[in-house]
Every structure is written in C-alpha cells, then in structure tokens.
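Following: one structure in structure tokens, then a few remarks.
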C-alpha cells in the first residue's frame, strides 16, 4: 500500500472519531452551562448556543 493511501485512511478515521466526539457533546451542553451557574432558561439556551458555535 502506498504511503499516501495509508495516510489518507488514518486521516479519515481520525476525522470520523473527532466528529463523533464533538457530536456526542452537544446534547449535554445545556446541562453543563446550567452547572457553571447560568440559571434562567433563556440564558442557558443562549450560552449553550454560544458554546456550540
């Protein structure tokens, strides 16, 4: 197998793992924002959106 093909496969796998890791965090962002002291519902939604972006 050529070196470039092996490197491409490794990069694709790492990108998949990275994307999966980030997408697994998104459902828990409002809980984390609430835990750090943001209390009102509107503020939690706003700060979760800011962290997401």
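In our numbering, the protein residues as written are 11 to 63.
Where a beta carbon is used, it is the ideal one built from N, C-alpha and C, also for glycine.
- Residue 15 and residue 23 have their C-alpha atoms roughly 12 Å apart.
- Looking from the CA of residue 37, the closest CA among 50, 27, 54 belongs to 54.
- Here the alpha carbons of residue 42 and residue 33 stand approximately 15 Å from one another.
- Taking the C-beta atoms as reference points, residue 39 is found nearer than 8 Å to residue 62.
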